[in-house]
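Numbering of the sequence shown is given in the numbering used here, commencing with residue 973 and proceeding in unit increments. No residue lacks a Cβ here, since even glycine has one placed at the ideal position from N, Cα and C. Computed from a predicted model, the values in this text were never measured in an experiment. Accompanying notes for the structure given below.
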Amino acid sequence: MLETSARLLKLLSLLQAHKDWSGPELADRLGVSTRTVRNDVERLRSLGYPVHATPGVAGGYRLGAGAALPPLLLDDEEAVAVAVGLGRAAGGGVAGIEESSVRALAKLEQVLPVKLRRRVSALNAYTVQIPGAAPSVPPEVLTTIANAARDHERLRFDYTGHDGSVTTRDAEPYRLVHRRGRWYLVAWDVERRDWRTFRVDRISPRTPGGPRFAPRELPFDVAEHVERGVNTAMWRYRARVLLHAPAERMSGLPTGMDFEPVDEHTCVAHVGGDDLNGIAVWIGALGVDFEVLDPPELAEVVRGLSERYRRAVSDR
973 MLETSARLLK LLSLLQAHKD WSGPELADRL GVSTRTVRND VERLRSLGYP
1023 VHATPGVAGG YRLGAGAALP PLLLDDEEAV AVAVGLGRAA GGGVAGIEES
1073 SVRALAKLEQ VLPVKLRRRV SALNAYTVQI PGAAPSVPPE VLTTIANAAR
1123 DHERLRFDYT GHDGSVTTRD AEPYRLVHRR GRWYLVAWDV ERRDWRTFRV
1173 DRISPRTPGG PRFAPRELPF DVAEHVERGV NTAMWRYRAR VLLHAPAERM
1223 SGLPTGMDFE PVDEHTCVAH VGGDDLNGIA VWIGALGVDF EVLDPPELAE
1273 VVRGLSERYR RAVSDR
């Protein structure tokens, strides 16, 4: 009886960790026959867990949504992660979730073992969260995007641009990124056939979504991709400058710029700023020869700055 109970817990844990399982896959994981898997599934159903079965070669088992939330199985690290996440959510960031996060955290802490409760208490006591002024996101939008990414399903949504215009997008969602109070979606834009980063607070999902897609390999580090894209988009001016120095040499400097190699002697610096004069001074401070590629207005500012510097030392 104890062996059967332990096996049921293991089966439940597998069903909660992955959306679809075939009978042979579950049997292999549990070390039993497919007939035993079927019997165990019936036992879970009798306990109130809605396990759906699909017959046929491509069929399998899936844990569905029930009329009431059944108990979840969490290991130690998952329990700590959920508790800490609820503590952060209680401080804001997702619209309308603060109060429910506090209630859920109270329930979880009540049943946590003492050793885990101490870990969560230490993390909450010795970390400081500074609320941001970024717009909050409805939780249903986040879960819709996350589920589409998990199931490799296209996402159709209306997107509000910087200028207030609204366009309809068809995209393959890959990652949600939380950066400084804002949520971003990294996705493959089907129509534009390129990677795009979308602010989630500007996304309004449409239902139903699109068909399933074959996942692509991400050609970049997601965090760096979002950081670079956001840093570039937030500036009033964006410039490209050819530096007479190799990219390897420049990349080690704490400049916040992105350096694109050209050859072993030169690279292109991508830099943004709200003031062209500030960009010109910043590039000059790199200490290498350079050529302004664009915008043309920056070339004029550099020319004027060079004349000012020349006059400053012309009588010496």
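Look at Glu-1163 here: in three-state DSSP terms it is coil, with no helix or strand label. The Cβ-Cβ distance between Thr-1169 and Gly-1133 does not fall below 7 Å. Looking at the DSSP output, Glu-1263 shares a beta bridge with Leu-1214. Under the Cβ criterion (8 Å, minimum of three pairs), the stretch 1017 to 1029 does not count as touching the stretch 1147 to 1155.
By the CB criterion at 7 Å, Leu-1114 and Ala-1120 fall outside the cutoff. Counting along the chain, the unbroken alpha helix (DSSP H) around Thr-1006 starts and ends at 1006 to 1018. By the Cβ rule, the stretch 1229 to 1240 does not count as touching the stretch 1172 to 1192, because fewer than three pairs are nearer than 8 Å. In the three-state DSSP reduction, Pro-1191 falls in the coil class, being neither helix nor strand.
The beta carbons of Gly-1036 and Asp-992 sit no closer together than 7 Å. Spatial neighbours of His-1237 in its own chain (CB-CB distance under 8 Å, excluding positions within 5 residues in sequence) are listed in chain order as His-1216, Ala-1217, Pro-1218. Of Asp-1047, Gly-1059, Arg-1275, Ser-1073, the smallest CA-CA separation from Leu-1095 is found for Gly-1059. Here Ala-1025 is exposed, its C-beta having fewer than 16 other C-beta atoms within 10 Å. Cβ-Cβ separation between Leu-987 and Val-1023: approximately 7 Å, consistent with a contact (criterion under 8 Å). Residues of the same chain with a CB within less than 7 Å of the CB of Arg-1188, apart from the 5 flanking positions on each side, are Trp-1160 in chain order. Partner residues in the beta bridge of Phe-1170, as assigned by DSSP, are Leu-1157. Between Ile-1251 and Ala-1284, the gap from beta carbon to beta carbon reaches 7 Å or more. Collapsing the DSSP output to three states places Gly-1244 in a strand.
If you look at Thr-1026, you'll find it in the beta strand (DSSP E) that goes 1023 to 1026.
For Ser-1176, the uninterrupted beta strand (DSSP E) run begins and ends at 1175 to 1177, by DSSP. With contacts defined as CB atoms closer than 7 Å, Val-1253 and Val-1264 fail to qualify as a contacting pair. The beta carbon of Pro-996 sits closer than 7 Å to those of Thr-1006, all from its chain and outside the five residues before and after it, given in chain order. The Cβ-Cβ distance between Arg-979 and Leu-1002 falls below 7 Å. A direct Cα-to-Cα measurement between Ile-1175 and Val-1138 gives close to 10 Å. By the neighbour-count criterion, in which 16 or more other beta carbons inside 10 Å mark a residue as buried, Val-1086 falls on the exposed side. Closest in alpha carbon position to Arg-1090, among Val-1158, Ala-1186, Asp-1048, Asp-1142, is Asp-1048.
For the options Thr-976, Thr-1116, Leu-1214, the alpha carbon positioned closest to that of Glu-1144 is the one of Thr-1116.
Rounded to the nearest angstrom, the Cβ distance from Val-1054 to Leu-1046 is 6 Å, consistent with a contact under 8 Å. Within the same chain, Cβ atoms closer than 6 Å to the Cβ of Leu-998 are found at Val-1009, the five residues on either side in sequence being excluded. In its chain, beyond the 5 residues on either side, Val-1149, Arg-1151, Tyr-1156, Val-1158, Thr-1169 have a beta carbon closer than 7 Å to the beta carbon of Val-1198.
When DSSP reads this structure, Tyr-1131 sits in a beta bridge with Thr-1139, Ile-1175. Between the C-alpha atoms of Ala-1195 and His-990 there is a straight-line separation of about 25 Å. About 7 Å separates the Cβ atoms of Tyr-1209 and Pro-1267, confirming a contact at the 8 Å cut-off.
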